[in-house]
(Lines of atoms letter the chains of each structure in order from A and count residues from 1; the text may use other names and numbers.)
(Lines give C-alpha, C1' and ligand atoms only; values in the text may rest on other atoms or scores of the structure.)
Protein backbone atom coordinates (compact mmCIF):
# COMPACT_ATOMS: atom_id res chain seq x y z
CA UNK A 1 0.00 0.00 0.00
CA UNK A 2 1.30 3.46 -0.88
CA UNK A 3 2.18 5.86 1.91
CA UNK A 4 -0.77 8.02 2.90
CA UNK A 5 -3.34 5.94 1.04
CA UNK A 6 -5.26 4.45 3.93
CA UNK A 7 -8.87 4.56 2.77
CA UNK A 8 -11.02 3.00 0.10
CA UNK A 9 -13.15 5.81 -1.34
CA UNK A 10 -16.20 5.30 -3.55
CA UNK A 11 -17.22 8.14 -5.84
CA UNK A 12 -19.76 8.42 -8.63
CA UNK A 13 -22.95 10.03 -9.80
CA UNK A 14 -26.05 9.69 -7.63
CA UNK A 15 -27.75 6.33 -7.98
CA UNK A 16 -24.66 4.35 -8.93
CA UNK A 17 -24.69 2.32 -5.70
CA UNK A 18 -21.94 3.96 -3.65
CA UNK A 19 -23.61 3.70 -0.24
CA UNK A 20 -25.02 0.22 -0.78
CA UNK A 21 -21.72 -1.14 -2.08
CA UNK A 22 -19.60 0.75 0.45
CA UNK A 23 -21.52 -0.51 3.46
CA UNK A 24 -21.34 -4.11 2.21
CA UNK A 25 -17.62 -3.88 1.40
CA UNK A 26 -16.84 -2.40 4.83
CA UNK A 27 -18.70 -5.26 6.52
CA UNK A 28 -16.86 -7.82 4.42
CA UNK A 29 -13.44 -6.24 5.08
CA UNK A 30 -14.33 -5.62 8.74
CA UNK A 31 -13.40 -1.95 8.59
CA UNK A 32 -15.48 1.12 9.46
CA UNK A 33 -17.86 2.55 6.86
CA UNK A 34 -18.26 6.30 6.67
CA UNK A 35 -20.73 8.00 4.36
CA UNK A 36 -20.16 11.74 4.01
CA UNK A 37 -23.86 12.48 3.43
CA UNK A 38 -25.07 10.37 6.38
CA UNK A 39 -22.36 11.86 8.60
CA UNK A 40 -23.50 15.38 7.70
CA UNK A 41 -27.14 14.52 8.41
CA UNK A 42 -26.17 13.06 11.79
CA UNK A 43 -24.09 16.12 12.65
CA UNK A 44 -26.85 18.55 11.64
CA UNK A 45 -29.81 16.61 12.99
CA UNK A 46 -31.71 17.06 9.72
CA UNK A 47 -31.64 15.89 6.11
CA UNK A 48 -29.59 17.14 3.20
CA UNK A 49 -32.73 18.32 1.35
CA UNK A 50 -33.63 20.38 4.44
CA UNK A 51 -30.09 21.82 4.56
CA UNK A 52 -30.33 22.72 0.85
CA UNK A 53 -33.60 24.56 1.50
CA UNK A 54 -32.19 26.49 4.44
CA UNK A 55 -28.68 27.32 3.27
CA UNK A 56 -28.30 26.45 -0.43
CA UNK A 57 -25.97 24.29 -2.45
CA UNK A 58 -22.82 26.38 -1.89
CA UNK A 59 -23.09 26.04 1.90
CA UNK A 60 -23.72 22.32 1.48
CA UNK A 61 -20.62 21.90 -0.70
CA UNK A 62 -18.50 23.66 1.95
CA UNK A 63 -19.89 21.41 4.68
CA UNK A 64 -19.29 18.39 2.46
CA UNK A 65 -15.62 19.35 2.05
CA UNK A 66 -15.25 19.65 5.82
CA UNK A 67 -16.84 16.26 6.38
CA UNK A 68 -14.60 14.63 3.78
CA UNK A 69 -11.54 16.00 5.59
CA UNK A 70 -12.89 14.66 8.92
CA UNK A 71 -13.49 11.20 7.48
CA UNK A 72 -10.04 11.09 5.89
CA UNK A 73 -8.41 12.09 9.21
CA UNK A 74 -9.85 9.06 10.99
CA UNK A 75 -8.61 5.47 10.97
CA UNK A 76 -8.72 3.54 7.68
CA UNK A 77 -12.23 3.02 6.38
CA UNK A 78 -14.44 2.57 3.38
CA UNK A 79 -15.71 6.08 2.63
CA UNK A 80 -18.71 6.76 0.41
CA UNK A 81 -19.38 10.23 -0.89
CA UNK A 82 -22.12 12.33 -2.38
CA UNK A 83 -22.16 12.46 -6.16
CA UNK A 84 -21.11 16.11 -6.34
CA UNK A 85 -18.15 15.92 -3.99
CA UNK A 86 -15.84 15.76 -7.02
CA UNK A 87 -16.86 19.25 -8.18
CA UNK A 88 -14.38 20.89 -5.80
CA UNK A 89 -10.76 20.36 -6.98
CA UNK A 90 -9.54 20.32 -3.38
CA UNK A 91 -11.77 17.34 -2.63
CA UNK A 92 -10.32 15.43 -5.55
CA UNK A 93 -6.80 16.19 -4.29
CA UNK A 94 -7.68 15.06 -0.75
CA UNK A 95 -9.09 11.78 -2.01
CA UNK A 96 -6.09 11.09 -4.26
CA UNK A 97 -3.66 11.75 -1.39
CA UNK A 98 -5.50 9.71 1.23
CA UNK A 99 -7.07 6.75 -0.47
CA UNK A 100 -7.70 4.46 -3.37
CA UNK A 101 -10.56 5.97 -5.31
CA UNK A 102 -13.09 3.76 -7.08
CA UNK A 103 -15.57 5.35 -9.46
CA UNK A 104 -18.93 3.59 -9.68
CA UNK A 105 -20.76 4.49 -12.86
CA UNK A 106 -24.02 3.52 -14.58
CA UNK A 107 -25.89 4.59 -17.68
CA UNK A 108 -28.47 7.38 -17.50
CA UNK A 109 -31.52 5.12 -17.77
CA UNK A 110 -30.33 2.96 -14.87
CA UNK A 111 -29.60 6.03 -12.74
CA UNK A 112 -33.01 7.55 -13.52
CA UNK A 113 -34.75 4.31 -12.51
CA UNK A 114 -32.76 4.09 -9.27
CA UNK A 115 -33.12 7.73 -8.18
CA UNK A 116 -36.86 7.76 -8.84
CA UNK A 117 -37.15 5.15 -6.10
CA UNK A 118 -35.68 7.53 -3.50
CA UNK A 119 -36.45 10.88 -5.15
CA UNK A 120 -37.26 12.91 -1.97
CA UNK A 121 -33.67 12.34 -0.78
CA UNK A 122 -32.23 14.05 -3.88
CA UNK A 123 -32.37 17.86 -3.55
CA UNK A 124 -30.82 18.44 -6.97
CA UNK A 125 -33.70 16.50 -8.53
CA UNK A 126 -36.50 18.53 -6.95
CA UNK A 127 -39.38 18.96 -9.37
CA UNK A 128 -40.96 16.75 -11.94
CA UNK A 129 -38.31 16.53 -14.66
CA UNK A 130 -36.02 13.90 -13.17
CA UNK A 131 -34.94 12.49 -16.54
CA UNK A 132 -33.95 15.90 -17.89
CA UNK A 133 -32.15 16.91 -14.68
CA UNK A 134 -30.18 13.64 -14.51
CA UNK A 135 -29.10 14.05 -18.14
CA UNK A 136 -28.04 17.67 -17.50
CA UNK A 137 -26.10 16.86 -14.34
CA UNK A 138 -24.37 13.89 -15.96
CA UNK A 139 -23.30 16.12 -18.83
CA UNK A 140 -22.10 18.88 -16.45
CA UNK A 141 -20.07 16.38 -14.42
CA UNK A 142 -18.53 14.55 -17.36
CA UNK A 143 -14.82 14.15 -16.70
CA UNK A 144 -15.00 15.02 -12.99
CA UNK A 145 -14.71 11.37 -11.95
CA UNK A 146 -11.77 10.59 -14.26
CA UNK A 147 -9.16 10.94 -11.48
CA UNK A 148 -10.30 7.65 -9.93
CA UNK A 149 -7.83 4.79 -9.67
CA UNK A 150 -10.39 2.25 -10.88
CA UNK A 151 -13.86 2.35 -12.46
CA UNK A 152 -16.69 -0.18 -12.16
CA UNK A 153 -19.84 -0.03 -14.28
CA UNK A 154 -22.81 -0.92 -12.07
CA UNK A 155 -25.43 -0.72 -14.83
CA UNK A 156 -26.05 -4.44 -15.31
CA UNK A 157 -23.95 -5.97 -12.53
CA UNK A 158 -25.28 -7.70 -9.46
CA UNK A 159 -24.47 -6.22 -6.07
CA UNK A 160 -22.31 -9.26 -5.27
CA UNK A 161 -20.30 -8.89 -8.48
CA UNK A 162 -19.65 -5.20 -7.74
CA UNK A 163 -18.63 -5.98 -4.15
CA UNK A 164 -16.26 -8.67 -5.41
CA UNK A 165 -14.64 -6.26 -7.90
CA UNK A 166 -14.13 -3.62 -5.19
CA UNK A 167 -12.66 -6.13 -2.73
CA UNK A 168 -10.36 -7.64 -5.38
CA UNK A 169 -9.09 -4.18 -6.28
CA UNK A 170 -8.51 -3.32 -2.61
CA UNK A 171 -6.66 -6.57 -1.95
CA UNK A 172 -4.30 -5.90 -4.87
CA UNK A 173 -3.48 -2.48 -3.41
CA UNK A 174 -2.96 -3.82 0.11
CA UNK A 175 -0.16 -6.18 -0.94
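Numbering (this note's numbering), first residue to last: 81 to 255. The beta carbon of each residue, even a glycine, is placed where N, CA and C say it ideally should be.
Next item on the list: Taking residue 194 as part of the beta strand (DSSP E), name the residues at either end of that continuous run.
Entry: Premise fails: residue 194 lies in the alpha helix (DSSP H), 188–197, not in any beta strand (DSSP E).
Item checked: Backbone secondary structure at residue 141 - three-state DSSP -> In the structure shown, residue 141 adopts helical secondary structure according to DSSP, grouped into three states.
Next item on the list: Decide if residue 241 is buried, meaning its Cβ has at least 16 other Cβ atoms within 10 Å, or exposed.
Entry: So residue 241 ends up on the exposed side.
Next item on the list: Please confirm whether residue 195 and residue 109 have their CB atoms less than 8 Å apart.
Entry: No, they are not a contact pair.
Check: I think residue 228 touches residue 128, with their Cβ atoms under 8 Å apart; what is that distance to the nearest whole Å?
Finding: Cβ-Cβ separation between residue 228 and residue 128: approximately 23 Å, too far for a contact (criterion under 8 Å).
Notebook entry, point to check: Quick one: is residue 138 buried, meaning 16 or more other Cβ sit within 10 Å of its Cβ, or exposed?
Noted result: The residue in question, residue 138, is exposed, as its Cβ has fewer than 16 Cβ neighbours within 10 Å.
Item checked: Collapsed DSSP secondary structure at residue 132 in the structure displayed -> Three-state DSSP puts residue 132 in a helix.
Check: How many whole angstroms separate the CB atoms of residue 181 and residue 89, which I take to be in contact at a CB cut-off of 8 Å?
Finding: Contact between residue 181 and residue 89 is confirmed by a C-beta separation of about 5 Å, below the 8 Å threshold.
Checklist line | Beta carbon of residue 174 nearer than 8 Å to that of residue 149 | finding: Less than 8 Å separates the beta-carbon of residue 174 from that of residue 149.
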